[in-house]
Structures are given as structure tokens and as C-alpha cells.
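Sequence positions in the sequence shown follow my numbering and run 8 to 153. Note that beta-carbon positions come from the ideal geometry of N, C-alpha and C, so glycine has one too.
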Amino acid sequence: MNLFASIISFLVLFIPGGSEKLSDEATRVVQVIASRNMYESSHVGFAGRPSEQYRQMKILSAIASPEQLLELASTHSNGVVRVYAWKALGLKTGQERKPLVDRIEAVAMQLGQDSTEVFSLQGCIGGSTQVRFLVDNKGLVSEQEN
């Protein structure tokens with residue numbers, strides 16, 4: 008990891024906020040995502056069946072706070088969990104995310120440099136992909152001004 012990414016990671020860990028404990032249900036969802044250890048788009052396979060991993064991410068978005076999702080996206084040891092926590096944060100409204108704008112921008116930079124390899128299945132195409140190529144920062148960061 009380069010020096011810049013190390014500094015960003017350090018700052019994210021020590022900027023106040025994000026220390027709420029996950030509920031048992033949210034912890035279970037995170038464990039399910041981590042145990043499957045595969046990033047899937049919303050629909051997968053030749054038939055385009057709904058993705059179970061994506062469904063778990065939507066559940067996580069509904070039950071975890073923006074602060075908790077940001078913490079998972081920045082510090083969880085599993086790359087797939089980091090990606091899905093970031094995407095779950097993106098499902099929250101701009102108003103819900105607004106108080107976290109500085110931390111969101113820092114985590115966006117961190118994830119944008121995350122070279123952790125994860126297996127991904129996007130539609131019917133599978134393979135190894137770096138976390139940084141699975142996170143989309145456009146809407147999440149730019150909407151903070153609204």
C-alpha cells in the first residue's frame with residue numbers, strides 16, 4: 008500500500024464517528040456476505056436470476072446506519088464486505104449521508120486505491136477483480152452537496 012493510501016486509512020480510522028455496534032441481525036448479514044466471499048451484480052447467470060449476495064446487501068442497507076456502513080466499508084477485513092457496505096451506503100438518502108460527507112470522501116479515496124482481489128460475477132461474466140474497480144464513487148460523493 009502506498010504512503011498516501013496509508014495516510015487516508017489512518018485518518019478514516021481516527022475521524023470521530025462510526026463506532027456504533029452492529030445489531031445481531033446486521034452482524035449475521037455481514038457474516039453471510041463474507042462467507043460467500045463473492046461480489047455479484049443484482050442479477051447473475053445466463054438466466055439473469057436475482058443475486059442472493061445483492062439481496063443481502065439491500066437487507067444490510069435497511070438495517071445498518073450510514074455510520075456503521077461507512078465503518079464496514081473502510082475497516083472490514085473482507086473485500087467483498089467492503090464493496091457491499093459501500094454500495095449499501097449508496098442506497099441511503101443524501102440527507103442520511105450528509106453529516107458524514109468528510110468521512111465518505113476519505114473512504115471513497117481509500118476504496119479507490121484498494122487493490123484487494125475478489126471473485127466477482129457480473130451478469131454471466133465471472134473472474135477476479137480488484138475492489139477499486141467494483142466501487143462507484145460518482146453518485147455517493149457528488150450527491151453530498153444536495
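Going by C-alpha positions, K65 is about 9 Å away from Y91. When DSSP reads this structure, Y46 sits in a beta bridge with S127. For L76, the CB contacts under 6 Å within the same chain, skipping 5 residues up- and downstream, are A92, A95 and L96 in chain order. Under DSSP, the beta-bridge partners assigned to R56 are V51. Here E32 is exposed. Its C-beta has fewer than 16 other C-beta atoms within 10 Å.
With respect to K99, P57 sits apart: the two C-beta atoms are not nearer than 8 Å.
Going by DSSP, S135 is part of the beta strand (DSSP E) stretching over I132 to Q137. About 11 Å separates the Cβ atoms of V87 and L79, ruling out a contact at the 8 Å cut-off.
For S81, the enclosing alpha helix (DSSP H) begins and ends at P73 to T82. Taking C-beta separations shorter than 8 Å and ignoring five residues to either side along the sequence, the partners of L141 in its chain run Y46, V90, V125 and S127, following chain order. DSSP, reduced to helix, strand and coil, places V142 outside both helices and strands of the structure shown, so it counts as coil. By alpha-carbon distance to S49, the top candidate from I132, H83 and R139 is I132.
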